[in-house]
Every structure is written in C-alpha cells, then in structure tokens.
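Residue numbers (our numbering), protein chains in the order written: chain X, 802 to 1007; chain F, 802 to 1007. Every residue, glycine too, gets a C-beta built ideally from N, C-alpha and C. On a predicted model such as this, the values are computed, not experimentally measured, just so you know. Structure first, commentary second.
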DNA sequence: ATTAAATCGTGATTTTTTTCTTGATTTAGT
DNA sequence: ACTAAATCAAGAAAAAAATCACGATTTAAT
C-alpha cells in the first residue's frame, strides 16, 4: 500500500474490483486481461501492467484468479483500513451520502453529520446523528477524525472549510464547486462531478 | 467546442471556471496564471497552456480578463448547450441529484425521474415528476432524451441499463459501482466516487 | 528615461502513460 | 505427441501530459 499509485490506476483498480465482485457472484474463478480490457474499452496490456503493480501473477492461457485479484486490489487500495469521516452540510447531497452504504465496503466510515440549521439538529440519518456545526471541533478531537466531506452550499464553502481547518481536519473531500483556499498541511480532493461529465457529454453531443 | 479536449483539461477548466465565478463576485477583473496555479497546486505554464486552447490571449504583467475567460470556458465546455436527461433510480442519490440545481448552470437539464417502486410514482421532486420505469421508452422517444443518469442499486444496474439501451438511450452516466456491458453505440461514463477518493485518502493516511 | 519585477507565450525537455511487439507458456483439440 | 490458439510477461516504442526555460512585453518604481 501507499506505493503512490497514480490516480488513473487507482480509478481503474476500482473498476476491476467491481468486475471481480460480479464474477465472484457469478461463480467464475478466473478472468483474463483481454476479457477485462474489452469490458472497459482499454488495451489488455494496460490491464496486465496494472496487475503487475499488485504483484499478482497470472497464468498463461488461463488468466488471473478472481478471488486473489479482488483481495490484492482491496489491500492495495486500503479497503480494510477504516477511515472515519464527518459529513459537513446536511442538505440533499450530504444526506444521500450518509445513506450511501457502499462507502463502508471501501473502508470509509461516516460517524456523524453536521449542519447549522437548528431544524436539522439531532435528526438520525442511517443511524448517524446530525450535530450543530459548533459541536464539530470537540468531536474531531475526541474521535480523532481527520476527514471531512464538505457538502455545504458554494457560498458557505470557504468559510466552513476555514472552520474545519481550525478544528484540525486534515483532509477535505470537497463536493462544492468552490475551489478552497487551504494551507499546505491540509489536503483537498475536489469531487468535480460536472468536469468529467461535460467532457463525456460534449464530445459528441452537439 | 468539441476540439476533443482531454478529460484532464476539461476537469481543470471547470476548476478555473469556479475561480472565475469567485473573482467576479469579488469584483476582480483580471487574474494571472501564477495566481490560479498556486490556488490549484499546479504549474503556471500548465494554466497558460490550457488557456491557449480557449484562444484567449492574456496580457503580460497583467494577466487574463476574468469575464472573458469565464465566457470562453463556458463556450468550450458547452454550458449553454442544453442537455436533457432522465434520472433512473429515485433512491437517495437520485433524489439528491434531482435537487442539485447546479446541474442547470452547466446546461444539464433533468426532465424527470424514474423508479419501479409504486410508492414513489407521481411524487414531485424539485418540480420534476417520478414516473414508473415502464413509461420511460415512450418519454425517451417523445422528448428525444439521450442521456440517463443511473442511480439504481448495483444489483439492478445491468438489467436497467439493458432496458435503457433498448429504449434508445445513448449516454449513461453511471453512478452505480457496476461496470456495465453495453454495445459500442452507447457511451458510459462511470462516476467512480470511491476510485479517486481512495487514492486521495490512502496516499498518506496509514 | 531607466531599471526591476511580473507575466505571457512558446519551444524544448522530461516524465508519465499507453500501446505495440515479441517470445514463452499453457491448454485444448487433433 | 503435435499443433494451434490464447494468454501472460516484459521490454521497446509511441503518445500524451507536465514541467522547465527563456525571450518578449508590460507595468510600476526610481
């Protein structure tokens, strides 16, 4: 783990992982690189190169063991390392993410949500409580949480981010369209929903 | 438009766009490549190369006109081209996306939602109606919709995708973790939430 | 007017990523 | 056993992306 896997590779690995899950459900034990490549529309040597990173040898004329591949991907991407996180902003998106149980299988554990709207406080969402944002610094410290998932409105994003940083949050997964200003000690991942989609949609929709 | 802008560039362009919006709100009229580069942690020549694609000349010692840049980005990424879409799957994520008004400013227009749960039918979400999935083929044809946003559970994903394809949907924005099998005439964009995040989160969280 | 600093534009360089190629290996069929 | 087809492995080549470097230009300061 932490071999500093490039983003593109990590992306492909999760796609491979989904295919492995599907194959296991279907009771298929081996899979070949051309099979995977065709499914994803990429080159089969690309797939083999990626698997090389996992130190997972295949067998000529047969392919790779599905179960082993799945395990290596999980190990490499750290699915089993639990990563605690808070969702900050309990609007539609925040609530949807709180209810999105798939996060758990990737090791992302949502502990609680926050909002500044008094109406939302103390509501339970998928067994997670919504707290007033003022409670955040204390909970960050007590629970040692380093990751915040930011789902507040764009206008509030920077201000809330500043507050998170003050509260000692180290990683911000930014679902807002704002480009946050942060010190170098804090890492931001911009989840740029539209960016990639526009590319996809505009390539040939004229 | 459709200069076949690489995904990475398109991603950066949306980030630049957000910064432009911020600058306009702040009443700042010019912006320089080092300013932007520092904000995003990238090289300033990279920013200039990207702007080169927009045919938007800067001025030495001054920078670029914020308003012009914003307009060029919008034109290049096709914000003004309305792209109609259906949301298929009215669970938490589908509903959250239906309520996510930012889509509109990028030209993505959600016309309606679909589900197979009779309890959800006819509910209005952000002025969009939820229809039974059986109504989809007809509406695709009548409204000429080509894009579907797939937010059903993983187990149902392939089956629903097959139905969409039969119904003549051409672009699937796939929010499920399933890797869909589609014919070459249909394009899938996998919104791989966890893929990129894992990379971000695991790089130094050990 | 002169100088210094900031910035653009762009060609060259480097790095990264992808694709191509070839040889070795394994399996299945004859 | 022999042959043919599928597949992996790994190095070479090509393509794409990012960074570097430097001359030209503009502005501000002296």
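One question on the structure: do residue 953 of chain F and residue 946 of chain F come within less than 8 Å of each other, judged by their Cβ atoms?
no
Based on DSSP bridge pairs, tell me the residues matched to residue 832 of chain X.
BP columns for residue 832 of chain X point to X:865.
Starting from residue 939 of chain X, trace the beta strand (DSSP E) both ways and give me its first and last residue.
That residue, residue 939 of chain X, is in no beta strand (DSSP E); its alpha helix (DSSP H) goes 937-944.
My guess is that residue 816 of chain X and residue 991 of chain F are in contact by the Cβ rule of under 8 Å, so how many angstroms apart are they, rounded?
At roughly 7 Å, the Cβ-Cβ gap stays under 8 Å, so residue 816 of chain X and residue 991 of chain F are in contact.
Taking the alpha carbon of residue 938 of chain X as the reference point, which residue from X:841, X:821, X:964 and X:827 has its own alpha carbon closest?
X:964
How would you call residue 997 of chain F, buried or exposed, if buried means at least 16 neighbouring beta carbons within 10 angstroms?
The residue is buried, with at least 16 neighbouring Cβ atoms inside 10 Å.
Which residues, in chain order, does the segment 986-1003 of chain F contribute to contact with chain X at a C-beta distance below 8 Å?
988, 990, 991, 992, 993, 994, 995, 996, 997, 998, 999, 1000, 1001, 1002 and 1003
So, do the segment 906-921 of chain X and the segment 836-847 of chain X have three or more beta carbon pairs nearer to each other than 8 Å?
no
Can you tell me whether residue 906 of chain X is buried or exposed? The criterion is at least 16 other CB atoms within 10 Å of its CB, across all chains shown.
exposed
Leaving out the 5 sequence neighbours to the left and right, which residues in its chain are closer than 8 Å to residue 810 of chain F when beta-carbon positions are compared?
851 and 854
Tell me which same chain residues have a C-beta within less than 8 Å of the C-beta of residue 822 of chain X, skipping the five on either side of it?
871
Between which two residues does the alpha helix (DSSP H) carrying residue 965 of chain X extend?
955-967
Please state whether DSSP places residue 902 of chain X in a helix, a strand or coil.
coil
Using CA coordinates, which residue listed in X:966, X:1002 and X:812 is at the minimum distance from residue 950 of chain X?
X:966
Where do the N-terminal and C-terminal ends of the alpha helix (DSSP H) with residue 824 of chain F fall, by residue?
Its alpha helix (DSSP H) spans residues 808-826.
Using a Cβ-Cβ cut-off of less than 8 Å, give me the residues of the segment 936-950 of chain F that come near chain X, in sequence order.
Contact residues of the segment 936-950 of chain F toward chain X are 947 and 948 (C-beta to C-beta distance below 8 Å).
Residues in the same chain with beta-carbon distance under 6 Å from residue 921 of chain X, minus the five sequence neighbours each way, listed in chain order, please.
891 and 931
I'd like to confirm the pairing. Which residues does DSSP put opposite residue 916 of chain F in its beta bridges?
Answer is F:933.
Whole angstroms are fine: how far does the CA of residue 988 of chain F sit from the CA of residue 981 of chain F?
10 Å
Quick check on the burial criterion: 16 or more other C-beta atoms within 10 angstroms. Buried or exposed for residue 985 of chain X?
exposed
In terms of alpha-carbon separation, which member of F:972, F:868, F:888 and F:877 lies closest to residue 917 of chain F?
F:888
Apart from the five residues on each side of it in sequence, which residues of its chain come closer than 8 Å, Cβ to Cβ, to residue 983 of chain X?
962, 966, 973 and 989
Selection from X:838, X:943, X:933 and X:944 that minimises the alpha carbon distance to residue 919 of chain X:
X:933
Kindly list the residues whose CB is nearer than 7 Å to the CB of residue 857 of chain X, restricted to its own chain and excluding five residues on each side of it in sequence; keep chain order.
865, 869, 870 and 873
Sort F:979, F:948 and F:977 by Cα distance to residue 969 of chain F and report the nearest one.
Nearest of F:979, F:948 and F:977 to residue 969 of chain F, Cα basis: F:948.
Integer-rounded CB distance, given that residue 894 of chain X should sit under 8 Å from residue 901 of chain F
7 Å
Proximal chain X residues relative to residue 893 of chain F, where beta-carbon distance stays under 8 Å
Using a Cβ-Cβ cut-off of 8 Å, residue 893 of chain F is close to 896, 897, 900 and 901 of chain X, given in chain order.
Alpha carbon to alpha carbon, what distance is there between residue 884 of chain X and residue 904 of chain X?
Residue 904 of chain X and residue 884 of chain X have their C-alpha atoms spaced approximately 10 Å apart.
If you follow the beta strand (DSSP E) that residue 885 of chain X is part of, which residue opens it and which one closes it?
Note, residue 885 of chain X: beta strand (DSSP E), 884-889.
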